[in-house]
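Novice:
Residue numbers (the numbering used here): 248 to 480.
1. Quick one: Cα of residue 360 to Cα of residue 416, how far?
2. From what residue to what residue does the alpha helix (DSSP H) around residue 304 run?
3. With three or more C-beta pairs closer than 8 Å as the rule, is the stretch 411-431 touching the stretch 292-300?
4. With respect to the alpha helix (DSSP H) encompassing residue 320, which residues constitute its N-terminal and C-terminal limits?
5. Assuming residue 438 is part of the beta strand (DSSP E), what are its boundary residues?
6. For residue 333, I'd like the list of residues in its chain whose CB is within less than 6 Å of its CB, leaving aside the five on either flank, ordered along the chain.
7. Could you check if residue 305 is buried or exposed, using at least 16 other CB atoms within 10 Å of its CB as the buried criterion?
8. So, residue 396 versus residue 280, is the Cβ gap smaller than 8 Å?
9. Which same chain residues, not among the five before or five after residue 466, have their C-beta less than 6 Å away from its C-beta?
10. Could you tell me the alpha carbon to alpha carbon distance between residue 276 and residue 394, rounded to whole angstroms?
11. Rounding to the nearest angstrom, what Cα-Cα distance links residue 293 and residue 447 in this structure?
12. Quick check: what's the CA-CA separation for residue 387 versus residue 289?
13. In the DSSP assignment, find the unbroken beta strand (DSSP E) run with residue 274 in it and report its ends.
14. Determine the extent of the alpha helix (DSSP H) in which residue 396 is found, giving its start and end residues.
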């Protein structure tokens, strides 16, 4: 229920699938879920994520203590929860293009704050967190404010979790291979089909390169056979 909103065609929505992300509230009524979109932006939502991370560190800063490994995991969980849920509002977003980069920044924020807490007694935690989030190269998507209803008896499909697991494993494998083959390439770098083939993506039908595009590692360039890196390796 959290993930479907950003990926599926929604009945009654004139211009097709939701793009980027969708912020919404829902209520249950007679076996149906009524979902209502919230008019907001990704940047504004991320302000709440940053606030939750800073709040989680506040207690440790007041007591002048450094979180241990278990407490660090708790802070990470707080950050991840706030990515998908804030004050009764929920978020749906595609994980590869948007969710994963944000999760990486959350990890970086927590690691950076903890490291600096060991060196300094007085820190501006919000400034550290804000600078980490400023490294995100994601456009400021807008959430659409419209409403639709999900009938649990008619609209819900049982998902094969084994297939979902295999799909996730395929994504992780693609990223692991990319980390080996695309080392020294950074987000924004331009590469060509020939360069990618020289790095091991040699299948002639282009499926391997297309997989990099599908999984958010590359973006097709304007010219045929050209691509733009979306990740650092």
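Note that the Cβ used here is the ideal one computed from N, Cα and C, for glycine as well.
None of the values given here were measured: they were computed from a predicted structure.
Specialist: Considering the structure as presented:
1. The C-alpha of residue 360 lies about 31 Å from the C-alpha of residue 416.
2. Looking at the DSSP string, the run of the alpha helix (DSSP H) that includes residue 304 is 289-309.
3. At 8 Å Cβ cutoff, the stretches do not touch.
4. From DSSP, the alpha helix (DSSP H) with residue 320 extends over 316-331.
5. Counting along the chain, residue 438 sits inside the beta strand (DSSP E) bounded by residues 437-439.
6. Answer for residue 333: 295, listed in chain order.
7. Classified as exposed, residue 305 has fewer than 16 neighbouring CB atoms from the shown chains inside 10 Å of its CB.
8. Yes, these two residues count as a Cβ contact at 8 Å.
9. Non-local C-beta neighbours of residue 466 in its own chain, meaning closer than 6 Å and more than five positions away in sequence, comprise 475, 477, ordered along the chain.
10. So the two alpha carbons sit approximately 14 Å from each other.
11. Roughly 37 Å between the two C-alpha positions.
12. For residue 387 and residue 289, the distance between alpha carbons rounds to 5 Å.
13. Taken as a continuous stretch (DSSP letters only), the beta strand (DSSP E) holding residue 274 covers 269-276.
14. Element bounds for residue 396: not the alpha helix (DSSP H) but the beta strand (DSSP E), 394-398.
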